[in-house]
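Here the structure comes first, spelled out in structure tokens, and everything after it is commentary.
In my numbering, the protein residues as written are 81 to 241.
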């Protein structure tokens, strides 16, 4: 193999990593606007059919359950009262057609009596993703409340795994 071919192959590998990181960032950054708009179908398209959403307050198995969460209470109560789901910068670790992304998330809710907002929930998050039919999809999200517990710290500590 020539130096030119080796350089080209290395460049193509680097471009693919950049494209994958951008695509994963697009998937994760689409969640907040879709869930706050109440667009259950858009939320559902981000997840694999057999995805798991594991929150400290409950477990949702499958895209259908995650989509239904957006359509029902208490989520509908949050968006009609005013809320925002925010992710901080995401740490992404790629491994071929799978990836892990770690970040914090905030759920900000409106105080209607004071016309202000408050952070209602802060969580540690670990997203597991897979390339499925050429598109990145969330296969599992684990979220733990940042309440000082070991679970949340352990989840964040795995960012470099």
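A virtual CB, placed ideally from N, CA and C, is assigned to each residue, including glycine.
Keep in mind that this is a model prediction, so the values were computed, not measured.
Best match in the options for proximity to residue i [C-alpha to C-alpha]
| i | options | result |
| --- | --- | --- |
| residue 136 | 241, 235 and 240 | 235 |
| residue 223 | 169, 185 and 84 | 185 |
| residue 170 | 194, 145 and 206 | 206 |
| residue 128 | 119, 228, 221 and 225 | 221 |
| residue 156 | 225, 118, 144 and 175 | 118 |
| residue 183 | 232, 95 and 86 | 232 |
Contacts around residue i, its chain only, beta-carbon distance under 8 Å, and the 5 residues preceding and following it disregarded
| i | result |
| --- | --- |
| residue 209 | 104, 107, 178, 179, 180, 181, 216, 217, 218 and 219 |
| residue 196 | 190 |
| residue 158 | 187 and 189 |
| residue 116 | 159, 163, 164 and 165 |
| residue 42 | As shown, the chain starts at 81 and ends at 241. That puts residue 42 outside it, with no answer to give. |
Coil, strand or helix - residue i by DSSP
| i | result |
| --- | --- |
| residue 172 | strand |
| residue 229 | coil |
| residue 208 | strand |
| residue 194 | coil |
| residue 147 | helix |
Cβ shell of residue i (< 6 Å), same chain only, five flanking positions each side left out
| i | result |
| --- | --- |
| residue 114 | 122 and 123 |
Residues of its chain near residue i, where Cβ-Cβ distance is below 7 Å and the 5 sequence neighbours each way are ignored
| i | result |
| --- | --- |
| residue 120 | 147, 150 and 151 |
| residue 212 | 128 |
Whole-angstrom C-beta distance between residue j and residue i, which should lie under 8 Å
| i | j | result |
| --- | --- | --- |
| residue 110 | residue 92 | With 8 Å as the limit, residue 110 and residue 92 do not qualify as a contact, their Cβ atoms being about 27 Å apart. |
Length-filtered (4 minimum) alpha helix (DSSP H) runs lying within the region 101-140: You should have 120-125.
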